[in-house]
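Residues -27 to -1, 1 to 320 in mature numbering (1 follows the signal peptide of the UniProt record, and there is no 0) are what the sequence shown spells out, letter by letter.
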Amino acid sequence: MKKASLAGMLALLGTGLLTLAVSPAHAEKRTLVLSAYPIAQPLFNKYVYAPFKEKCGCEIVVETGNNADRIAKLDARRDNPVVDLVLLSDFGMLEASRKGLIQPLDYSKLKNYSQIYPFARNPIGGNYAVGYTIYSVGLVYRTDKIKSLTSWKDLWRDDMKGRIALPDVSTTQGPLALQMADIAWGGKTENFSTGMQKILAIKNNVVTFSKNSAQLSSLFAQDEIWAAPVARFTWAQLMKTGMPLKWSIPTEGQAAGMNVMGIVNKSKNADLAYQLMDFWLSKEVQTALAMELVDSPVNTQVVLPKDKAEFNTYGGEHIASLKFVKPETLLKHRSAWLEQWNKGISK
């Protein structure tokens, strides 16, 4: 009897320990790994990561870097991925999807999907992505030096010689400006050959082919340039130069770029990735990021006050003016553009 009783007690004790081991209260938190751009991470932590962690009861680890480096990492770890959710440019995501690194999305799992602009829905085809922010590239000019700029073609005017900056074609904004030059000068081919020819023809009129937005702020502040194509997310910084600057939406429209989200193929936490994606697209999060001038919203329910709207790609006129470069066009011609550019600039 004593032996049986002892065995029973041990069995009960073992059952209790097993129950304790799998109790949710003692379970390890799940970790979602996000691959993102390094810019504004403290603000993303405040308005996206921290509130989401509280909501999901999980942890978030963030890897940062540029498009190319992060796609290379995804490729290197394709058989045993570390990253769950990745944020890339639209053309970067298309490249990743073509490499088999991204899984198709089930948009029915995103309750906020119906609230975003149509161009942000399935932006690269194949159901691989969803847009989470956009930006415009318009023309900015010194009002005390230039009467007006109403067309992209105005950058070719005689009074612009030695007073403009253009983005280098190797930058994210380079192909966007190339497209607008092509549109303005009546280009008819998808490789923007007319735009390329026109830009190279005025290379000696250009103060610099800028590699980043910080350069533009310095050039305007030091009175070296009077006009340049500018990305909307840098407008607030340019205004801090104290120069009399004006933003112009040219008659041909504004160049536009979009960043998108996708879920990594074989992700171990795809369910959490969907939840974070949907949270990011919500009116509340999109509004908070727009108010902090971090990202312009794609959620159509966002309402911004005038002082914040001015620095976002936001509002009917801005949205209607956007001209996106097709991601497949950029991927197809990127190498040829770089080759033509480097050869043409060095002549």
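Where is the CB? At the ideal position from N, CA and C, for every residue including glycine.
Everything numeric in this text was worked out from a predicted model, so none of it was measured.
8 Å CB neighbourhood of residue i in its chain, flanking five on each side removed
{"i": "residue 2", "result": "30, 31, 32"}
{"i": "residue 34", "result": "4, 5, 6, 7"}
{"i": "residue 266", "result": "206, 209, 281, 284, 285"}
Spatial neighbours of residue i in its chain, beta-carbon cut-off 7 Å, leaving aside the 5 residues before and after
{"i": "residue 157", "result": "124, 125, 126, 225"}
{"i": "residue 282", "result": "288"}
{"i": "residue 198", "result": "136, 137, 138, 180, 192"}
{"i": "residue 242", "result": "3, 5, 57"}
{"i": "residue 99", "result": "70, 77"}
{"i": "residue 304", "result": "64, 67, 68"}
{"i": "residue 331", "result": "The displayed coordinates of the chain run from -27 to 320. Any statement about residue 331 would go beyond what the structure contains."}
{"i": "residue 315", "result": "none"}
Endpoints, the alpha helix (DSSP H) within which residue i is located
{"i": "residue 137", "result": "It is not in any alpha helix (DSSP H) - residue 137 instead sits in the beta strand (DSSP E) that spans 137 to 140."}
{"i": "residue 264", "result": "256 to 264"}
{"i": "residue 93", "result": "No alpha helix (DSSP H) holds residue 93; DSSP gives it neither H nor E."}
{"i": "residue 133", "result": "Where residue 133 is concerned, there is no enclosing alpha helix (DSSP H), given that its DSSP letter is neither H nor E."}
{"i": "residue 319", "result": "300 to 319"}
{"i": "residue 197", "result": "It is not in any alpha helix (DSSP H) - residue 197 carries neither H nor E in the DSSP assignment."}
{"i": "residue 44", "result": "40 to 49"}
{"i": "residue 102", "result": "Note, residue 102: premise wrong, no alpha helix (DSSP H); not H, not E."}
{"i": "residue 70", "result": "63 to 71"}
{"i": "residue 228", "result": "Not the alpha helix (DSSP H): residue 228 falls in the beta strand (DSSP E), residues 227 to 237."}
{"i": "residue 119", "result": "Here residue 119 belongs to no alpha helix (DSSP H), and DSSP marks it neither H nor E."}
Exposed unless 16 or more other CB atoms sit within 10 angstroms - verdict on residue i
{"i": "residue 171", "result": "buried"}
{"i": "residue 12", "result": "exposed"}
{"i": "residue -7", "result": "For residue -7, the pLDDT reaches just 38, beneath the cut-off of 50, and the residue's location in the model is therefore unreliable, although a value from the coordinates is still provided. So residue -7 ends up on the exposed side."}
{"i": "residue 233", "result": "buried"}
{"i": "residue 196", "result": "exposed"}
{"i": "residue 247", "result": "buried"}
{"i": "residue 85", "result": "buried"}
{"i": "residue 108", "result": "buried"}
{"i": "residue 200", "result": "buried"}
{"i": "residue 101", "result": "buried"}
{"i": "residue 117", "result": "exposed"}
{"i": "residue 217", "result": "exposed"}
{"i": "residue 188", "result": "buried"}
{"i": "residue 20", "result": "buried"}
{"i": "residue 272", "result": "buried"}
{"i": "residue 240", "result": "buried"}
{"i": "residue 215", "result": "exposed"}
{"i": "residue 160", "result": "buried"}
Close beta carbons around residue i, own chain, < 6 Å, minus the five adjacent residues each side
{"i": "residue 306", "result": "164"}
{"i": "residue -4", "result": "In this predicted model, residue -4 has a pLDDT of only 46, less than 50, meaning its place in the structure is not dependable; the value taken from the coordinates is given anyway. Cβ neighbours of residue -4 beyond the five flanking positions: none."}
{"i": "residue 76", "result": "236, 238"}
{"i": "residue 294", "result": "222, 226, 227"}
{"i": "residue 186", "result": "207"}
{"i": "residue 300", "result": "63, 64, 67, 97"}
{"i": "residue 182", "result": "139, 141"}
{"i": "residue 155", "result": "165, 167, 168"}
{"i": "residue 309", "result": "none"}
Bounding residues of the beta strand (DSSP E) (the contiguous stretch that carries residue i)
{"i": "residue 145", "result": "Where residue 145 is concerned, there is no enclosing beta strand (DSSP E), given that its DSSP letter is neither H nor E."}
{"i": "residue 8", "result": "4 to 9"}
{"i": "residue 250", "result": "Looking at the DSSP string, residue 250 is not in any beta strand (DSSP E); the run it does join, the alpha helix (DSSP H), is 243 to 253."}
{"i": "residue 220", "result": "218 to 221"}
{"i": "residue 211", "result": "Where residue 211 is concerned, there is no enclosing beta strand (DSSP E), although the alpha helix (DSSP H) it sits in stretches over 208 to 212."}
{"i": "residue 33", "result": "32 to 37"}
{"i": "residue 181", "result": "179 to 183"}
Best match in the options for proximity to residue i [C-alpha to C-alpha]
{"i": "residue 168", "options": "139, 122, 61, 119", "result": "139"}
{"i": "residue 91", "options": "22, 105, 71", "result": "105"}
{"i": "residue 194", "options": "136, 110, 97, 38", "result": "136"}
{"i": "residue 204", "options": "35, 94, 152, 145", "result": "145"}
{"i": "residue 4", "options": "36, 14, 223, 10", "result": "36"}
{"i": "residue 64", "options": "16, 51, 56, 148", "result": "148"}
{"i": "residue 129", "options": "112, 96, 175, 160", "result": "175"}
{"i": "residue 284", "options": "263, 69, 314", "result": "263"}
{"i": "residue 269", "options": "249, 292, 252", "result": "292"}
{"i": "residue 184", "options": "258, 112, 141", "result": "141"}
{"i": "residue 350", "options": "249, 274, 14", "result": "There is no way to answer for residue 350, as the model of the chain reaches only from -27 to 320."}
{"i": "residue 296", "options": "113, 313, 152", "result": "152"}
{"i": "residue 79", "options": "250, 310, 313", "result": "250"}
{"i": "residue 317", "options": "215, 177, 162, 150", "result": "177"}
{"i": "residue 245", "options": "132, 52, 43, 26", "result": "26"}
{"i": "residue 229", "options": "212, 258, 112", "result": "112"}
{"i": "residue 89", "options": "320, 319, 311, 259", "result": "259"}
Short CB-CB distance (under 7 Å) between residue i and chain B
{"i": "residue 295", "result": "Of the protein chains in the structure, only one exists, and it is not chain B."}
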